[in-house]
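K.L.:
With the first letter of the sequence shown counted as 1, position 38 gets the number 862 in this note's numbering; the numbers rise by one all the way through.
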Amino acid sequence: MKDGYPLIEDHGLIGDLQTSALVSTDGSIDWFCAPRFDSPSVFGALLDKDKGGYCRIRPVADEFTTKQLYFPDTAALVTRYLTEEGVGEVVDFMPVTSSHVPAEHHRIVRLLRCIRGQMTFEIDIAPRFDYGREPHETQISEGGVVFRGEATTMAVSIVREPEDEELGRGGANESGDVRAELTLRTGEARGMILDVGATEARETSVGEVWDLFNGTVQFWTTWLEQCTYTGRWREMVNRSAITLKLMTYAPSGGLVAAPTAALPEQIGGERNWDYRFTWVRDASFSVYALLALGFMDEAVAFGVWMRERVMDTRADGTAPLNIMYRIDGSSELVEESLEHWAGYRDSFPVRIGNGAADQLQLDIYGEMMDSLYLADQRGFQMNYAGWLKLCGVLDWLVDHWDQPEEGIWETRGGRQHFTYGRLMCWVAFDRGIRLAAKRGWPASVDSWTAARDAVFRQIMEKGWSPERQAFVQHYDTHVLDASLLRMAALGFIGPNDPMWQSTLDAMDEELVTDSLVYRYDPEASPDGLRGSEGTFSLCTFTYVEALAGAGRLDKARITFEKMLTYANHLGLYSEEIALSGEQIGNFPQAFTHLALINAAITLDAELSRRAEGR
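1) Tell me which residues share the same chain as Gly1245 and place their Cβ nearer than 8 Å to its Cβ, disregarding the 5 neighbours each side in the sequence.
2) So Ala1435 is in the alpha helix (DSSP H); what residue range does that whole segment cover?
3) Helix, strand or coil for Asp1396, going by three-state DSSP, please let me know.
4) I'd like to know whether the C-beta atoms of Gln1240 and His1298 end up nearer to each other than 7 Å.
5) State the Cα-Cα distance for the pair Asn1422 and Gly1203, rounded to the nearest angstrom.
6) So Met1192 and Val1104 are in contact, right, with Cβ under 8 Å, and what is the actual spacing, rounded?
7) Give the single residue among Gly1093, Gly973, Ala1391 whose Cα lies nearest to the Cα of Gly836.
8) According to DSSP, simplified to helix, strand and coil, what is Phe1119?
9) Give the secondary structure of Thr1040 by DSSP, where H, G and I count as helix, E and B as strand, and everything else as coil.
10) Can you give me the Cβ contacts of His929 inside the same chain, cut-off strictly under 6 Å, excluding the 5 residues immediately before and after it?
11) List, from N- to C-terminal side, the alpha helix (DSSP H) runs of 4 residues or more that fit wholly inside the stretch 1198-1258.
12) Which residue or residues does DSSP assign as beta-bridge partners of Thr1028?
13) Count the other CB atoms within 10 Å of the CB of Ala1081; is the residue buried (16 or more) or exposed (fewer)?
14) In this structure, does DSSP put Ser1268 in helix, strand or coil?
15) With 16 other CB atoms within 10 Å as the buried threshold, where does Ala1209 fall?
16) Where does the unbroken alpha helix (DSSP H) through Glu1369 begin, and where does it stop?
17) Can you have a look at Glu1285 and say buried or exposed, based on whether 16 or more other CB atoms are within 10 angstroms of its CB?
18) According to DSSP, is Arg1281 helix, strand or coil?
19) Mark Met1387 as exposed unless 16 or more other C-beta atoms lie within 10 angstroms of its C-beta, in which case mark it buried.
20) If you draw a straight line from the alpha carbon of Ala1123 to that of Thr944, how long is it in whole angstroms?
21) Which value, in whole angstroms, describes the spacing of the CA atoms of Leu841 and Thr1072?
22) Classify Val1158 as buried or exposed, calling it buried when 16 or more other Cβ atoms lie within 10 Å of its own Cβ.
23) Taking Cβ positions, are Ile853 and Ala899 nearer each other than 7 Å?
24) Where does His960 land, buried or exposed, given buried means 16+ other C-beta within 10 angstroms?
25) Quick check on Leu936: does DSSP put it in helix, strand or coil?
26) Using 8 Å as the cut-off, can you tell me whether the stretch 950-958 makes contact with the stretch 859-868, which would need three or more C-beta pairs spanning the two stretches below that distance?
27) Run through the DSSP bridge pairs and tell me what Leu1078 is partnered with.
28) Between the Cα of Ser1289 and the Cα atoms of Met1135, Tyr1344, Tyr1397, Val1303, which residue gives the shortest distance?
29) Out of Ile939, Val1336, Phe1253, which has the shortest C-alpha to C-alpha gap to Leu1371?
30) Check this for me: beta carbons of Leu871 and Gly1077, under 7 Å apart or not?
31) Here's the rule: buried if 16 or more other CB atoms are within 10 angstroms of the residue's CB, otherwise exposed. What is Arg1255?
32) Could you spell out the range, first to last residue, of the beta strand (DSSP E) harbouring Lys873?
33) Alpha carbons only, please: which of Lys1213, Asn1146, Gly1238, Leu1396 is nearest the one belonging to Phe1101?
34) Could you tell me which of Gly1237, His1393, Val1269, Thr1142 sits nearest to His1224, measuring between CA atoms?
35) Give a yes or no on contact between the stretch 967-981 and the stretch 1055-1075, applying the rule of three or more CB pairs nearer than 8 Å.
36) How big is the Cα-Cα spacing for His924 and Ala1435?
Structure, rendered in structure tokens:
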């Protein structure tokens, strides 16, 4: 706990494939949006401890210790409390009710148990609808509590057996928040079900809750059985896969970059962005990672989401794709600041929406084409109408690749000729040419080939710095950029090419600090924002892949193993690692977990090849 806030990493994630919630190690739900990931918050204490709202359960004790774990191979979270009088726990989970249809109700089940001795739990329920802007009334009944706002309702149903004695006591305060105490002895269980969208609380039996729990466990364990990874880091890969699934909006197949908004990249700084949307880039990377693990249905769903964005491409001469969309595919992402909220540890502004949505980032076309090419290799062939739309996208790119853009990191310091953007334009043309040849479908192959070759020559002439002996961030700088760690893996350059080996050496000197990797140096290459940032976890795992591909296996393995020590107690990662070693930025982050999966697969394969003498 710092400045009255839990550390970002001191949380676990639960969800129902349409939204999710963060539960802190002391038993507080301090981030929950409903009915969707990108909906206004119900609990938001993580961004304002006084005004954000929470649902907190903790022992009534002067001192207690907490432990937190996931029920094996599931998204059911167990928070345990150890006191002098006994041991208790709260089991948190969200039942998965529908995979394809947006649900009206979203339930969080909180089951309280006394494991040993006796424990009195203190329960505080303080919702703050619409980021604290929607007041509510509170109605208490025998079945529980209903919080009613103008547009939002949440029923809290009591979990107990009808014949049980009354063990709890409590009531509402002037703000309409509810506080209660509950004393349990060894073997006793009670709890509550928070149901956003419900207008009536009903008493629920402990047996019904256990049925919900068993059904949730069954869902997750059955889903995870599809995973084909059996390598050295199976536990971390499985947890990353579950985390990615938790960040999936099942009705559309969209994957949010993170389930949180405005968690800072620097404590007290302004780099506080809303990540509850689907980036074309992230969705593309997810296809690669999930196909590699054997999750075909999820890869197809993301592919369908991407195909729909391609089918909706504009024909007015502007960029055919946005860089990001809402999870349902709509593109309205107006950015605003919540002026009434203080921000995590006074990191202001608190931004919702994302103003980067209209940026020009040319790399997205290469990432999209690379994922579609991979999916095609695995047997997922697009239809002819989709191919024609895709050809239109590439034809547009032929005329527009050679221009400055904002780049992969969504900088706000003006457009540049970013080398990574050019690299991914090369990938887009290359994969399009390959697909056309494989399928024998009509395409502007001659113009694509001319553009591909022109991009290649330009990168070699302008993206390479003879002084640095490395590929650089953009054509007007000698600064390095970790996004270029993907060059060899994408086939642009050979992993043993001297130009690539010297680029890796230069990155070691400029961007790598022990096992951690910075995106770039914002002081040397201003990005239009004040302050600094931590090392970028995506880049660290990409660095592992690059080292492994270049034959530097011992260094790749120790870097990977060290990076695993920066995971939180549950195996989750945020976006960045601060100088102190704590996690910063939105949490958990899909990019980081995607990169962990890819690094584990690549490194494991290379180590096995070496062991077999190949």
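Glycine included, every Cβ here is placed at the ideal spot set by N, Cα and C.
On a predicted model such as this, the values are computed, not experimentally measured, just so you know.
P.N.:
Taking the coordinates as given:
1) Gln1185, Leu1186, Asp1187, Glu1229, Gly1231, Ile1232
2) Per DSSP, Ala1435 belongs to the alpha helix (DSSP H) from 1414-1435.
3) Rather than Asp, the amino acid found at residue 1396 in this sequence is Leu. DSSP places Leu1396 in coil when its eight states are reduced to three.
4) yes
5) 20 Å
6) About 6 Å separates the two Cβ atoms, so the contact holds.
7) Ala1391
8) Three-state DSSP puts Phe1119 in coil, outside helix and strand.
9) helix
10) Asp1019, Gly1021, Ala1022
11) 1208-1224
12) Answer by DSSP bridge pairing, in chain order: Val983.
13) buried
14) In the displayed model, Ser1268 falls within coil according to three-state DSSP, outside both helix and strand.
15) exposed
16) 1361-1373
17) exposed
18) Note: Arg1281 maps to helix in three-state DSSP.
19) Buried, since its Cβ has 16 or more Cβ neighbours within 10 Å.
20) 46 Å
21) Looking at the two C-alpha atoms, the distance is approximately 6 Å.
22) If you draw a 10 Å sphere on the C-beta of Val1158, you find fewer than 16 other C-beta atoms in it, and that means exposed.
23) no
24) buried
25) The answer is strand: DSSP assigns Leu936 an E or B state.
26) Yes: at least three Cβ pairs fall under 8 Å.
27) Checking the sequence shown, residue 1078 turns out to be Gly, not Leu. Beta-bridge pairing links Gly1078 to Tyr1073.
28) With distances taken between CA atoms, Ser1289 lies nearest to Val1303 out of Met1135, Tyr1344, Tyr1397, Val1303.
29) Val1336
30) no
31) buried
32) That residue, Lys873, is in no beta strand (DSSP E); it is neither H nor E in DSSP.
33) Asn1146
34) Thr1142
35) no
36) Those two C-alpha atoms are separated by around 44 Å.
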